[in-house]
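First residue of the sequence shown? That's 16 in my numbering, and the numbers climb one at a time after it.
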Amino acid sequence: VLNVVLGSARTNVYQNAIAESAYTTFIHQRIESGMDPEFVVERVLATAYARHKEIWIALKREMILLYLRQYFPEAVYKRFVNGFSTRYEAEKRSHQTTDEL
Numbered sequence: 016v017l018n019v020v021l022g023s024a025r026t027n028v029y030q031n032a033i034a035e036s037a038y039t040t041f042i043h044q045r046i047e048s049g050m051d052p053e054f055v056v057e058r059v060l061a062t063a064y065a066r067h068k069e070i071w072i073a074l075k076r077e078m079i080l081l082y083l084r085q086y087f088p089e090a091v092y093k094r095f096v097n098g099f100s101t102r103y104e105a106e107k108r109s110h111q112t113t114d115e116l
């Protein structure tokens with residue numbers, strides 16, 4: 016068994032997102048600027064072949080977030096929820112203003 020902790024990789028997972036929002040736009044941008052899938056596969060297979068138990072693979076800018084999420088999940092959760100809530104409320108207000116016009 017190999018535990019893979021993975022950052023963003025360029026895939027089409029979110030290509031068919033149901034509704035666009037600040038969150039899905041953020042995720043799309045992260046995925047588009049993520050790691051090449053072939054590189055990810057090569058690293059995971061090499062790690063499995065070497066019989067390691069775990070691999071952490073991410074771009075530099077994401078690695079610290081992965082570590083924080085693993086070892087300080089409550090702090091990351093609070094930061095994410097506060098940041099997302101603020102963006103969601105701003106987006107909601109802009110849609111209400113547009114609808115009123």
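For each residue, glycine too, the CB sits at the ideal point set by N, CA and C.
Residue state for L17 is assigned as coil, using DSSP reduced to three classes. DSSP lists V19 as the beta-bridge partner residues of I70.
Shown here, A65 sits in coil according to DSSP, grouped into three states, outside any helix or strand. Linking V20 to I46 through their CA atoms gives a straight-line distance of about 15 angstroms. The alpha-carbon of D51 is positioned some 20 angstroms away from that of Y64.
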